[in-house]
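In our numbering, the protein residues as written are 11 to 274.
C-beta atoms are modelled at their ideal positions from N, C-alpha and C, and glycine is treated no differently.
Nothing here was measured: the structure is a model prediction, and the numbers come from that model.
Okay, so here's the structure we're looking at.
If you want it as structure tokens, here you go:
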């Protein structure tokens with residue numbers, strides 16, 4: 011596997027040292043029985059999965075928020091049950107992206123951000139994942155991004171080929187919105203483009219969607235890419251169906267710990 015960065019937007023923070031606290035490694039969700047023996051000891055009750063997860067990985071991408079809303083007490087509980095240095099990435103509701111296809115009201119956007127306020131200082135970034143059929147529309151994207159609070163970290167995962175180019179990256183860069191670097195085992199295009207002061211990576215599968223390990227050889231290439239970026243980075247493994255995500259996340263974290271002195 012070869013990782014080639016786009017030449018459109020060169021990262022300007024090469025002099026900054028990347029530390030362990032700058033690289034956030036986790037999985038897309040945590041409530042998986044496939045993580046037993048890989049991340050959770052056998053016999054761990056499901057109600058303790060999150061607490062156990064957060065002793066080994068310090069960020070998670072919440073996928074359930076894509077499908078349904080949650081009461082304030084649930085968000086508050088997630089905040090309490092995770093350690094002080096834990097970070098949440100929240101996948102925005104499919105109502106915005108798959109049903110309304112970005113044509114939404116300001117009120118609905120405001121409700122979303124108000125709902126997740128209980129995460130407070132543990133809020134890492136919001137993820138807006140677009141459907142593969144949604145083509146790039148400049149006016150629609152510009153209007154949608156203008157509705158978002160200016161003091162939040164937002165990432166955009168676009169899968170239709172029309173989104174891959176400077177016509178999109180320029181808009182995102184002006185709003186400090188992260189282009190999601192998304193590996194989909196070749197199903198959709200992947201562009202290693204940096205458009206914000208942080209990077210957001212989703213690894214859905216190296217050879218097959220949601221299945222199979224990335225392994226040390228491929229992950230070493232991702233570490234090299236992180237070194238080149240030299241900025242805060244969120245990385246989430248979505249190869250969860252067979253538990254590979256847990257194995258890869260722990261391996262990448264171990265590799266990072268061993269190589270952090272080389273990351274600049």
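Check residue i in the structure and name its three-state DSSP category.
i: residue 198; result: coil
i: residue 25; result: Residue placement at residue 25 is poorly supported in this model, since its pLDDT is 44, which falls under 50; the coordinates are not used for a value here.
i: residue 236; result: helix
i: residue 133; result: strand
i: residue 254; result: helix
i: residue 228; result: helix
i: residue 40; result: coil
i: residue 114; result: coil
i: residue 165; result: strand
i: residue 69; result: strand
i: residue 57; result: helix
i: residue 178; result: helix
Roughly how many angstroms separate the alpha carbons of residue i and residue j, rounded to a whole number?
i: residue 171; j: residue 259; result: 28 Å
i: residue 131; j: residue 73; result: 19 Å
i: residue 25; j: residue 234; result: Here the model assigns residue 25 a pLDDT of 44, short of 50, so the residue's position is not dependable and the matter cannot be decided.
i: residue 264; j: residue 156; result: 39 Å
i: residue 169; j: residue 144; result: 8 Å
i: residue 266; j: residue 30; result: 7 Å
i: residue 48; j: residue 76; result: 26 Å
i: residue 61; j: residue 94; result: 12 Å
i: residue 59; j: residue 71; result: 14 Å
i: residue 192; j: residue 32; result: 19 Å
i: residue 237; j: residue 82; result: 38 Å
i: residue 80; j: residue 200; result: 32 Å
i: residue 269; j: residue 69; result: 20 Å
i: residue 148; j: residue 51; result: 48 Å
i: residue 103; j: residue 180; result: 25 Å
What whole-angstrom Cβ distance do residue i and residue j have, given they're in contact under 8 Å?
i: residue 34; j: residue 243; result: 7 Å
i: residue 126; j: residue 85; result: 6 Å
i: residue 178; j: residue 210; result: Their Cβ separation, rounded to whole angstroms, is 15 Å, which puts residue 178 and residue 210 out of contact at 8 Å.
i: residue 38; j: residue 255; result: 7 Å
i: residue 138; j: residue 106; result: 7 Å
Using 7 Å as the threshold, is the C-beta distance between residue i and residue j below it?
i: residue 262; j: residue 229; result: yes
i: residue 206; j: residue 188; result: yes
i: residue 166; j: residue 112; result: no
i: residue 146; j: residue 173; result: yes
Assess contact between the stretch 207-222 and the stretch 152-161, defined as three or more Cβ pairs (one per stretch) separated by less than 8 Å. Is contact present?
no
Is the stretch 97-114 close to the stretch 131-151, with three or more CB pairs under 8 Å?
yes
Inter-stretch contact (C-beta, 8 Å, three-pair minimum) for the stretch 29-49 and the stretch 240-254:
yes
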